[in-house]
Amino acid sequence: MVDASRLGVHQGQLGPICDFCGARLTFGQALPIDEKWACYECYRELTGAESSVDGKQVEGLPID
């Protein structure tokens, strides 16, 4: 059963509350860490994860 004290409303949607900073999130924004929910900033701080969207040039691929 879901613990209702760990849920809130954000942007008109029901979702979890970050267990680390208390920010209200939608389920699409929430990132699970074990049995807790984290916002993106807390997730990066706790895991040390970095964005992988930095592009790089790859020769030989006709993407243009």
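Heads up, the sequence shown is in the working numbering, so the first residue is -5 and it goes up one at a time. We treat Cβ as the ideally placed atom computed from N, Cα and C, and that holds for glycine.
query: Closest to alanine 17 by C-alpha separation, out of Pro26, Ile27, Asp28 and His4, would be which residue?; result: His4
query: Check leucine 19 in the structure and name its three-state DSSP category.; result: coil
query: Give every residue of the same chain whose Cβ lies closer than 6 Å to the Cβ of lysine 30, excluding the five residues on either side of it in the sequence, and list them in chain order.; result: Asp13
query: Roughly how many angstroms separate the alpha carbons of alanine 24 and serine 45, rounded to a whole number?; result: 16 Å
query: In whole angstroms, what is the alpha-carbon distance linking cysteine 36 and glutamine 51?; result: 31 Å
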